[in-house]
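Residue numbers (the numbering used here), protein chains in the order written: chain A, 1 to 293; chain B, 294 to 566.
A short write-up of the structure that comes next.
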Amino acid sequence: MNKLSVKKRQSLIGWVFLAPAAFLLVVLKFVPLVQAFFMSLRTGRGSSMEWTGFSNYARMFRDPNFIQTIKTTLLYMVVTVPVMIILGIILAVLLNDSKLRLKGIYRTCIFLPAAVSLVASAVIFRSLFATDGFVNVVLLKLGILETGYNFLGHPGSARVILMVMRIWRWVGYQMIFFLAGLQNIDDSLYEAATIDGAGRLQSFWKITLPLLKPMILFTTIMCLNSALQVYDESVNLTGGGPGYSTMALAHYIYNTSFVNVPNFGYSCAMSMMILIFVAVMTFVQMKVGDRRE
Amino acid sequence: MSRNKKLLRRLPKNIVLMVISLFCVFPLFWVVVAATNKSVDVLRGTLIPGTNLAENWKTLVSTYNIWPALTNSVKYSVVTTFVSLVVSSIAGYGFEVYHDRGKDSVFKVLMLTMMVPFTATMIPLYQMYAGMHLLDTTVGFILPEVSAVFLIMLFRQNSRAFPKEIIEAARIDGESELGIFFKMYVPTMKPTYAAGMTITFMNAWNNFMWAKLIMSNDATQTFPMLISNMTAGHYTDYGELMLAVLISTLPTVIVFFALQKSFVQGMTGAVKG
Chain A
1 MNKLSVKKRQ SLIGWVFLAP AAFLLVVLKF VPLVQAFFMS LRTGRGSSME WTGFSNYARM
61 FRDPNFIQTI KTTLLYMVVT VPVMIILGII LAVLLNDSKL RLKGIYRTCI FLPAAVSLVA
121 SAVIFRSLFA TDGFVNVVLL KLGILETGYN FLGHPGSARV ILMVMRIWRW VGYQMIFFLA
181 GLQNIDDSLY EAATIDGAGR LQSFWKITLP LLKPMILFTT IMCLNSALQV YDESVNLTGG
241 GPGYSTMALA HYIYNTSFVN VPNFGYSCAM SMMILIFVAV MTFVQMKVGD RRE
Chain B
294 MSRNKKLLRR LPKNIVLMVI SLFCVFPLFW VVVAATNKSV DVLRGTLIPG TNLAENWKTL
354 VSTYNIWPAL TNSVKYSVVT TFVSLVVSSI AGYGFEVYHD RGKDSVFKVL MLTMMVPFTA
414 TMIPLYQMYA GMHLLDTTVG FILPEVSAVF LIMLFRQNSR AFPKEIIEAA RIDGESELGI
474 FFKMYVPTMK PTYAAGMTIT FMNAWNNFMW AKLIMSNDAT QTFPMLISNM TAGHYTDYGE
534 LMLAVLISTL PTVIVFFALQ KSFVQGMTGA VKG
């Protein structure tokens, strides 16, 4: 056997190793995505679907529930993602201190909510903020309220609680990624900076942030993606109510497909909007990420 | 003196971390309190763990059919984690160890799936599964999660640290390529497997939307689905409900703490520029 054929054989084995995973991704991600796009151009039910071009897309902009749910989803994204990322970085930097005594305990406490399922988290917050729940009991005892306030029955407070719950659930998770990222930064860089007279804040801006950039990019994309697909919380915390005020887009899509009179074509059109948002956000992130290189 | 000074300098930091830690832990502490108290006491706002755990357990078991849901969740999550780690790690290894221009391009294309929202593929997937009679089956649950691009990336990146000389030496000894992977790579990459396992298990255990879509009855439903259904009624027994929440949280907490050390170690180096 000559050397070239050995190389070729090995390359082929490499393809064989990655083939199952690649095949599954194509069949379970790309193919359905293309199917969903074609489905979005059709209306009707079951086998009697007809091609109607972009009518489903036109319909979205006349659908007040779609407009409401997309606004709500964007609100969740715009508020929660920056908070999670920034707080995650701050916590990771605070905890990345070998002389901090209670480090392990803090890290464990802050990560713990990430081990709770979103369904369970939603149920916990729903119980805490129920009209007869713990928060109201405390507020009544302190004399701040005279009767229990229906936090989840008012659009404003319900949205705030949903966002607080998401931040509570995810911040520790982001923190772990940043902690891992900080481990990759060589301590000698900071020592050199200190010798050169750089303050701590300066070291943070000039060393920590630039070196964490790949991790920030990665976590931000994951966070945006998950924020645009809020579902579990919307279903289990408020059921989307009152009215449609707290319902996330993914929840509305699910209901349009499987709960109300099924309308797969229209649902697919709406889900394409999520895809477009994710793609645009990711693209912007990549561009912003590249620029400071 | 100087020691006190040092402690003092860390005081603001400690206070911030303490407040945030309390905020994070309090809802979970309250779950434990509620799970061990009678619902009336929970409604009175007690904050002391009680003695009603056994009673709450009895009510929970007698009102809801929890065993099938629990065993389903365990079964689905364990199978997903195992299959997913095998498929994704061997792919990550294949991408890195045998890398060439073609494989790098394929990887870039596959990375795009990270941007594909599940909501956008949900309906065609559902139809595909219905056509293949995969609804209400374990295979149906695991299939969308088996090949995860994040895991492939994790293993691809971490494979860079796996010494090429070991592979060369083993080849000279006549070891097969698959043998090298299983006998040498897998044992050395334990932290990466631990990190992948933690994330995959948590995601699988907590998966709600897909489970809700394809699992249609009490015999196949998952534990999060059961909890979600528990809140559907008008009256809520907080003791019982929070005990269920507590039970649903234990497996993921145990997995995380068992693998915590390797988790951070395995994540390190996973996402580099």
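Glycine included, every Cβ here is placed at the ideal spot set by N, Cα and C.
{"Check": "For the alpha helix (DSSP H) holding A/S127, just list the boundary residues, first then last.", "Outcome": "L118 to L128"}
{"Check": "Can at least three beta-carbon pairs, one atom from the segment 457-476 of chain B and one from the segment 527-546 of chain B, be found at a separation below 8 Å?", "Outcome": "no"}
{"Check": "Given B/M518, which residues of its chain have a CB within under 8 Å of its CB, disregarding the five upstream and five downstream residues?", "Outcome": "A362, F501, A504, K505 and M508"}
{"Check": "Determine, using beta carbons only, whether A/V284 comes closer than 9 Å to chain B.", "Outcome": "no"}
{"Check": "Between the segment 67-82 of chain A and the segment 249-260 of chain A, do three or more beta carbon pairs fall short of 8 Å?", "Outcome": "yes"}
{"Check": "At a CB distance below 9 Å, what residues from the segment 63-88 of chain A approach chain B? Give them in sequence order.", "Outcome": "L87"}
{"Check": "My understanding is that A/M229 touches B/P410, with C-beta atoms under 8 Å, so please give their C-beta distance in whole angstroms.", "Outcome": "Note on identity: in this sequence residue 229 of chain A is Gln, with Met being the wrong assignment. Contact holds; Cβ gap of about 5 Å."}
{"Check": "Counting only C-beta atoms, is A/R200 closer than 9 Å to chain B at any point?", "Outcome": "no"}
{"Check": "Please report the distance separating the alpha-carbon of B/T491 from that of A/M49.", "Outcome": "43 Å"}
{"Check": "Taking only beta-carbon atoms, is B/W350 less than 9 Å away from chain A?", "Outcome": "no"}
{"Check": "List, in chain order, every chain A residue whose beta-carbon is nearer than 9 Å to that of B/M508.", "Outcome": "Those within 9 Å of B/M508 in chain A number zero; the least Cβ separation is about 13 Å."}
{"Check": "Indicate whether the contact test is met: 3 or more Cβ pairs, each with one atom in the segment 364-378 of chain B and one in the segment 161-178 of chain A, closer than 8 Å.", "Outcome": "no"}
{"Check": "Helix, strand or coil: which one does DSSP assign to A/M1?", "Outcome": "Note that A/M1 has pLDDT 49, beneath the 50 cutoff, so the model's placement of it is unreliable and the number below is only indicative. DSSP places A/M1 in coil when its eight states are reduced to three."}
{"Check": "Leaving aside the five residues before and after A/V16 along the sequence, list all residues of the same chain whose C-beta is less than 7 Å from its C-beta, in chain order.", "Outcome": "none"}
{"Check": "Take A/S55 and list the residues in its own chain whose beta-carbon comes closer than 7 Å to its own, dropping the five residues that flank it on each side.", "Outcome": "T43"}
{"Check": "Per the DSSP calculation, A/R42 is bridged to which residue(s)?", "Outcome": "A/W51"}
{"Check": "Do the segment 147-161 of chain A and the segment 551-561 of chain B meet, that is, are 3 or more Cβ pairs less than 8 Å apart?", "Outcome": "no"}
{"Check": "Less than 9 Å separating the beta-carbons of A/A114 and A/W170?", "Outcome": "yes"}
{"Check": "Would you list, in sequence order, the uninterrupted alpha helix (DSSP H) runs of no fewer than 4 residues that lie entirely inside the segment 145-207 of chain A?", "Outcome": "155-183, 187-195 and 200-203"}
{"Check": "So with CB distances below 7 Å, who are the chain A contacts of B/T412?", "Outcome": "Q229, A250, I253, S271 and I274"}
{"Check": "So if I threshold CB-CB distances at 9 Å, which residues from the segment 412-435 of chain B count as touching chain A?", "Outcome": "T412, A413, T414, M415, I416, P417, L418, Y419, Q420 and M421"}
{"Check": "Within a Cβ cutoff of 7 Å, which residues of the same chain sit near B/A327, ignoring the five residues on either side of it in sequence?", "Outcome": "V335, Y531, G532 and M535"}
{"Check": "Can you tell me whether A/L12 is buried or exposed? The criterion is at least 16 other CB atoms within 10 Å of its CB, across all chains shown.", "Outcome": "exposed"}
{"Check": "Take every Cβ of the segment 89-99 of chain A, pair it with every Cβ of the segment 276-291 of chain A, and state whether three or more of those distances are shorter than 8 Å.", "Outcome": "no"}
{"Check": "Could you give the distance in angstroms between the alpha-carbon of B/K476 and the alpha-carbon of A/L182?", "Outcome": "32 Å"}
{"Check": "I need the straight-line Cα distance from A/N136 to A/P210, nearest angstrom please.", "Outcome": "45 Å"}
{"Check": "Quick check: what's the CA-CA separation for A/T194 versus A/I207?", "Outcome": "11 Å"}
{"Check": "Would A/N236 pass as an interface residue toward chain B - the criterion being a Cβ-Cβ separation below 9 Å?", "Outcome": "yes"}
{"Check": "What residue range does the alpha helix (DSSP H) around B/A567 cover?", "Outcome": "Shown here, chain B extends from 294 to 566; a query on residue 567 of chain B therefore has no answer."}
{"Check": "Which value, in whole angstroms, describes the spacing of the CA atoms of B/E438 and A/Y190?", "Outcome": "41 Å"}
{"Check": "May I ask whether a heavy atom of the ligand NAD can be found less than 8 Å away from the beta carbon of A/Q35?", "Outcome": "Because no ligand of any kind appears in the structure shown, any question about the ligand NAD cannot be addressed here."}
{"Check": "Grouping DSSP H, G and I as helix and E and B as strand, with all else coil, what is B/D393?", "Outcome": "coil"}
{"Check": "Are the C-beta of B/V546 and some C-beta of chain A separated by less than 9 Å?", "Outcome": "yes"}
{"Check": "If you count every other CB in all the chains shown that lies within 10 Å of the CB of B/T481, and 16 or more means buried, which is it?", "Outcome": "exposed"}
{"Check": "Along the alpha helix (DSSP H) that carries B/D530, what are the first and last residues, could you check?", "Outcome": "Element bounds for B/D530: n/a, residue is neither H nor E."}
{"Check": "How long is the line joining the alpha carbons of A/T220 and A/G265, rounded to whole angstroms?", "Outcome": "30 Å"}
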